[in-house]
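Here the structure is laid out as structure tokens; the discussion comes afterwards.
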Amino acid sequence: MTSADALRAGPDAGVRRPGAIPLLAALVMLCAAIAVVSMGAGAVSIPPGRVVSIIAGWLGLADAPASAREALILYDIRLPRTVLGLMVGATLAVSGALMQGLFRNPLADPSLVGVSAGAALAAATTIVVGDRLLAALGTGVPFALLPLAAFAGGLVTTLALYVIATREGRTSVTTMLLAGVALAALAGALTGLLVYISDDRQLRDLTFWSLGSLGGATWAKVVAVAPAVAAVLVLMPFLARGLNALLLGEAEAFHIGIAVERVKTAAILLTALGVGAAVASCGTIGFIGIVVPHLVRLVAGPDHRLLLPASALLGGALLLGADILARLLVAPSELPIGILTAAVGAPFFLWLLLRRGFGALS
Amino acid sequence: MTLLTLDAASYAVRGRKLVDAVELALDPGELLVVVGPNGAGKSTLVKLACGELAPTTGRVLWEGQELGRWPAWSLAAARAVLPQASGLAFPFTVGEVVRLGLDVVGRALPARRREEMVRDALARGDVSHLTGRSYQTLSGGERQRVHFARAVAQLAAGRLAAGAPRRQALFLDEPTASLDIHHQLLLMHEARRLAREGVAVLAVLHDLNLAAAVADRVVLLRGGQLIAAGRPEEALSAARIREVFAVEAEILRGAAGEAIYAFSMTDPSGDGRLKPGRKDPVG
Chain C
1 MTSADALRAG
11 PDAGVRRPGA
21 IPLLAALVML
31 CAAIAVVSMG
41 AGAVSIPPGR
51 VVSIIAGWLG
61 LADAPASARE
71 ALILYDIRLP
81 RTVLGLMVGA
91 TLAVSGALMQ
101 GLFRNPLADP
111 SLVGVSAGAA
121 LAAATTIVVG
131 DRLLAALGTG
141 VPFALLPLAA
151 FAGGLVTTLA
161 LYVIATREGR
171 TSVTTMLLAG
181 VALAALAGAL
191 TGLLVYISDD
201 RQLRDLTFWS
211 LGSLGGATWA
221 KVVAVAPAVA
231 AVLVLMPFLA
241 RGLNALLLGE
251 AEAFHIGIAV
261 ERVKTAAILL
271 TALGVGAAVA
281 SCGTIGFIGI
291 VVPHLVRLVA
301 GPDHRLLLPA
311 SALLGGALLL
321 GADILARLLV
331 APSELPIGIL
341 TAAVGAPFFL
351 WLLLRRGFGA
361 LS
Chain E
1 MTLLTLDAAS
11 YAVRGRKLVD
21 AVELALDPGE
31 LLVVVGPNGA
41 GKSTLVKLAC
51 GELAPTTGRV
61 LWEGQELGRW
71 PAWSLAAARA
81 VLPQASGLAF
91 PFTVGEVVRL
101 GLDVVGRALP
111 ARRREEMVRD
121 ALARGDVSHL
131 TGRSYQTLSG
141 GERQRVHFAR
151 AVAQLAAGRL
161 AAGAPRRQAL
171 FLDEPTASLD
181 IHHQLLLMHE
191 ARRLAREGVA
201 VLAVLHDLNL
211 AAAVADRVVL
221 LRGGQLIAAG
231 RPEEALSAAR
241 IREVFAVEAE
251 ILRGAAGEAI
261 YAFSMTDPSG
271 DGRLKPGRKD
281 PVG
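Protein sequences, first through last, are from chains C and E.
Per full-length UniProt numbering, numbering of the first sequence is gapless, rising by one per residue and ending at 362.
Per full-length UniProt numbering, numbering of the second sequence is gapless, rising by one per residue and ending at 283.
Below you can see the structure in the form of structure tokens.
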């Protein structure tokens, strides 16, 4: 028996973890499978086999696609929607995991503690106020401005939360959740005010933000969101060790040799960036950030070196799965995806609370 | 040469001095025990000494250089800390918690070497049999032993870390607080062993008998001030114990001539010792 085996499965081994490579490989396959289904699902149904052969055609691996119309639908509508869904799902799940690590509590989630609401408020402000200001100049709001505004909104909210909930180096999660409720309510009220003063066109845009949807996915959106998503996914491995150590406590992390302030700052910035990008492209989609990391932890344990990439993959798969349901349940119309994730996520959160007891809050 | 020096180090919060102008030197190979009543500033002293807090006035020097100027990773190779019991809201296993101690310091070491260190540290904390258990299911005493093992693993890795200072220190804040008597002695035995290997050990203890039995030097704190420092019997005289802890101490002799303290309550009415069978006037 090697020493690693001994540590993983000693005589009193109560906890078993799967290997990192098999788990990630399984999740990649899950993502690929759901992506193929997602590209086939909709008003014009394309069977999975044809989806695969059309994509193989683009990549030069097979003959040119049989149906130019199907290829066009795939390329212009389904593919950007699928890519956006994977990116946003991954980003939301990773943001949730980062925030839970930062606050050392599995109940933290950007949508619960007002970060999403703050990002949505900033985006809504850009739509309504920016629209009026720019109308005077004769131009519309450039889409690239929305992720920036949403990022700023998410950042301000996250920082406010952290400052409010942290006293003398200790972060009180009870304070954080309650402050999050207050901040979310405030952001909601201000967003409501914007709804009140907005015109019909702006109102349609705003409704989209409050419930969330992948419906408006275009390649332009994908490109606008990609840098933020890439930053989150590329930088997150560098935070994994620090976040692991932070789970022991800030002082303990420092004892182990972690530059605690740097890790905290980076986690706050990445969370705000990720949530901002997600909200800017798809509106507020709740609970992915709490459900996904929790599921991964149940299977793979809390080590962020595996938790973060696994959450990214499962988050992408889950959001895409929800989006397929959103398209199919009331076809030919579409449900806002935020309704679906909340319908599943809220009971899940309650179950988590009941199972863990109130000790989880302190 | 002295490893760690507190040079008139004070730490104040909102004008209240938790540690007040303490002068203290910690040498390699010695086991220094800090004792004092609740609120004497023992934990704050440990935090100053390990770099977790910066002194509000005075200086704390590590290898002659101000502690705050050492980067966290470099300091981590040179000293480990066992804090007072800490919770964990995530289901790490015992083995994983101990491995966290090596995560930064032992980064450059080969995986096999690291696992050896983890295994050895688990044995030193007598928690090998708990390796695969979830930390959250452990008792307070078991958790403390796990964190002790984590600190031991960190020191072992730090000894081999390239470019790091070789002289090391271990800070233990009430390491025996929730341990049974067997594990109290076992843990302090391990601390002594590390001291004999050249590690400077600073431990906060409440049990004066344990302090007298294991310490090379005892430091007595009250109200943030250093009242006495010296060999256990000098620092812990009966008169000083009465003055600082407000209890009577009778010093008995063990088989080897070592001091054994027997304590009894000082009668607040002033007529001497509390008699057996009498009702406790303090309530």
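Glycine included, C-beta positions come from ideal geometry on N, C-alpha and C.
| Asked | Found |
| --- | --- |
| Taking just the CA atoms, how far does C/Thr207 sit from C/Arg201? | 10 Å |
| One question on the structure: do E/Leu24 and E/Leu3 come within less than 9 Å of each other, judged by their Cβ atoms? | no |
| Would you say E/Pro71 lies against chain A (beta-carbon separation less than 9 Å)? | Among the chains of the structure shown, chain A does not appear; the protein chains present are C and E. |
| Counting only beta-carbon separations shorter than 9 Å, does C/Phe254 have a partner in chain E? | yes |
| C/Asp76 touches chain E at which residues, Cβ-Cβ below 7 Å? | Correct list: empty, because the minimum Cβ distance to chain E is about 44 Å. |
| For the region 235–268 of chain C, which residues have a CB atom closer than 8 Å to at least one CB atom of chain E, in sequence order? | Arg241, Asn244, Ala245, Leu247, Leu248, Gly249, Ala251, Glu252, Phe254, His255, Ile256, Gly257, Ile258, Ala259 and Val260 |
| So for C/Trp351, helix, strand or coil by DSSP? | helix |
| Apply the 10 Å Cβ neighbour rule to residue 306 of chain E and answer buried if 16 or more other Cβ atoms are within range, or exposed otherwise. | The structure shown does not extend to residue 306 of chain E, since chain E is modelled only from 1 through 283, so no value can be given for it. |
| For the region 138–165 of chain E, which residues have a beta carbon sitting closer than 7 Å to at least one beta carbon of chain C? | Gln154 |
| Which residues in the same chain as C/Gly10 place their Cβ atom closer than 7 Å to its Cβ, once the five residues preceding and following it in sequence are excluded? | Model confidence at C/Gly10 stands at a pLDDT of 44, short of 50, so the residue's coordinates are unreliable; what they give is reported in the following sentence. Result list for C/Gly10: empty, nothing under 7 Å. |
| At which residue ranges does the region 271–326 of chain C contain complete alpha helix (DSSP H) runs of 4 or more residues, listed in the order of the chain? | 288–300 |
| Please confirm whether C/Asp63 has its beta-carbon closer than 9 Å to some beta-carbon of chain E. | no |
| Tell me whether E/Asn38 is buried or exposed, calling it buried when 16 or more other Cβ atoms sit within 10 Å of its Cβ. | exposed |
| Tell whether a beta-carbon distance below 9 Å holds between C/Phe151 and C/Ala228. | yes |
| Alpha carbon to alpha carbon, how far is E/Val214 from E/Glu30? Give it in angstroms, no decimals. | 10 Å |
| How long is the line joining the alpha carbons of E/Ala238 and E/Leu67, rounded to whole angstroms? | 36 Å |
| Taking DSSP as the reference, what is the three-state secondary structure of E/Lys279? | Low confidence applies here, because E/Lys279 scores a pLDDT of 47, under 50, leaving its location unreliable; read the following figure in that light. Note: E/Lys279 maps to coil in three-state DSSP. |
| Go through its chain and collect everything with a Cβ distance to E/Gly58's Cβ below 6 Å, but skip five positions before and after it. | Asp7, Ala8, Ala9 and Ser10 |
| Take every Cβ of the region 246–265 of chain C, pair it with every Cβ of the region 117–134 of chain C, and state whether three or more of those distances are shorter than 8 Å. | no |
| Could you run through the region 88–106 of chain E and flag, in chain order, every residue whose CB is less than 7 Å away from some CB of chain C? | Leu88, Ala89, Phe90, Pro91, Phe92, Thr93, Gly95, Glu96, Leu100, Gly101, Asp103, Val104 and Val105 |
| Please classify C/Asp109: is it buried, with 16 or more other beta-carbons within 10 angstroms of its beta-carbon, or exposed? | buried |
| Looking only at its own chain, which residues have a Cβ that is under 8 Å from the Cβ of E/Ser128, when we skip the five neighbours before and after it? | Arg119 and Leu122 |
| State the beta-bridge partners of C/Ile256 as determined by DSSP. | Its beta-bridge partners do not exist; DSSP assigns none. |
| Taking Cβ-Cβ distances shorter than 7 Å, what residues in chain E pair up with C/Arg132? | The premise fails here: C/Arg132 is roughly 46 Å from chain E at the closest Cβ pair, so nothing lies under 7 Å. |
| How about E/Val46 and E/Leu160: are their beta carbons less than 9 Å apart? | no |
| Between C/Arg16 and chain E, is any beta-carbon pair separated by less than 9 Å? | yes |
| Less than 9 Å between the beta carbons of C/Ser38 and C/Ile324, yes or no? | yes |
| Between C/Pro302 and chain E, is the shortest Cβ-Cβ distance under 9 Å, so that the two count as touching? | yes |
| Which term fits E/Phe263, buried or exposed, when burial requires 16 or more other beta carbons within 10 angstroms of its beta carbon? | exposed |
| I'd like to know if E/Thr83 contacts chain C, where contact means its C-beta is closer than 9 Å to some C-beta of that chain. | The sequence given here places Pro at residue 83 of chain E; Thr does not occur at that position. Answer yes: the Cβ-Cβ gap between E/Pro83 and chain C drops below 9 Å somewhere. |
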